[in-house]
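Numbering (our numbering), first residue to last: 1 to 347.
By construction, the Cβ of each residue, glycine as well, lies at the ideal position given by its N, Cα and C atoms.
None of these values were measured; they are calculated from a predicted model.
Since the structure comes first, as structure tokens, the remarks are kept for the end.
Here it is in structure tokens:
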């Protein structure tokens, strides 16, 4: 009977990095009796098992069971399933996952990260994929009602998996403690959860996946997203991808000058009353599930992060506002030339 190691993320805790390192080491993993499947890859370049999540969400269980049978041809193998989207499974879907695995030999791995780093990183990720909510508006409800948020309250996701797989089969890793200890995330993952690998993992990446954008760049994307949602009503990463590809050819002088002059900092602390109260409760509830390195009486050492962002009043500069309209018009013309004139009429 195969064993399973199910890495459920969440987002912004090094999952893309860990997945890429595991994918690059598939042959070495095989030599040690460990399988990192390719069948559920999100794409040719993204090693997350997103399609596994989609199979469960869409109830494509017959196809999923057939794929699992092919993956587990070695009865003694340890099979790694890794997708940050697995955090989104509801309790019924977690039970579906347990049912298709057909074994109690399952270890669930969940990473937690200090909020002063996690929440701004999640905000940037949302902006990169089409959202246009300003940073302060994003943070306010998450801190004021942290216990209700699946981003801030790790217990919401953990309780689903503990309820189905049991406390003994769930492990919590402090992303913050691993990074603070200057350990490599993927190598720590392998050393903690996998048998010894011949030659170890492949060498690490030279660039960091999903790196944060500067305050000006992320505000530029947010602003273009806002214009895109105004005209199309939808949200996607299309504008951000276009902007990053063409930024070097755009005249951004007036706009970036106005944005740069409007950059301010927002102190954001893990010890704010709501987050501190949540932290204490989560530690008491899940401390027995944590793997080293651990902090004393905490999931991680609290910190304050001074978040740099662009105030919204920079658009009072007429030259900056005109450049915004021109940049967005170029995007519209590139995506659909027939719509290019609409922006100038609306502006």
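Item, Value
"Cα-Cα separation between residue 16 and residue 113, rounded to whole angstroms", "15 angstroms"
"Among 145, 98 and 132, the one whose alpha carbon lies nearest that of residue 53", "98"
"Three CB pairs or more closer than 8 angstroms across the segment 318 to 335 and the segment 295 to 307", "no"
"Cutoff 6 angstroms; reference residue 103; Cβ partners in own chain excluding five residues on either side", "1"
"Beta-carbon proximity check, residue 132 vs residue 226, cutoff 7 angstroms", "yes"
"Nonlocal neighbours in the same chain, by C-beta distance under 8 angstroms from residue 229, ignoring five residues either side", "130, 132 and 235"
"C-alpha distance - residue 343 paired with residue 245, whole-angstrom precision", "The pLDDT assigned to residue 343 is 42, lower than 50, so where the model puts this residue is not dependable; a value taken from the coordinates is nonetheless given after this. Their backbone Cα atoms lie some 21 angstroms apart in a straight line."
"Whole-angstrom C-beta distance between residue 323 and residue 255, which should lie under 8 angstroms", "4 angstroms"
"Bridge partners - residue 112, DSSP secondary structure assignment", "174"
"Per-residue burial, residue 258 [other beta carbons within 10 Å of its own, 16 or more giving buried]", "buried"
"Same chain only: Cβ atoms within 6 angstroms of residue 109, ignoring 5 sequence neighbours per side", "7 and 171"
"C-alpha gap between residue 80 and residue 239, whole angstroms", "34 angstroms"
"Continuous alpha helix (DSSP H) stretch holding residue 51: start and end", "50 to 57"
"Proximity below 7 angstroms, CB of residue 5 to CB of residue 107", "yes"
"Which listed residue (219, 316, 143 and 19) has its alpha carbon closest to that of residue 187", "19"
"Residue ranges of each alpha helix (DSSP H) within the segment 230 to 271, 4 or longer", "238 to 246 and 253 to 261"
"Rounded C-alpha distance that separates residue 189 from residue 202", "13 angstroms"
"Test item: CB-CB of residue 96 and residue 127 under 7 angstroms", "no"
"Coil, strand or helix - residue 1 by DSSP", "coil"
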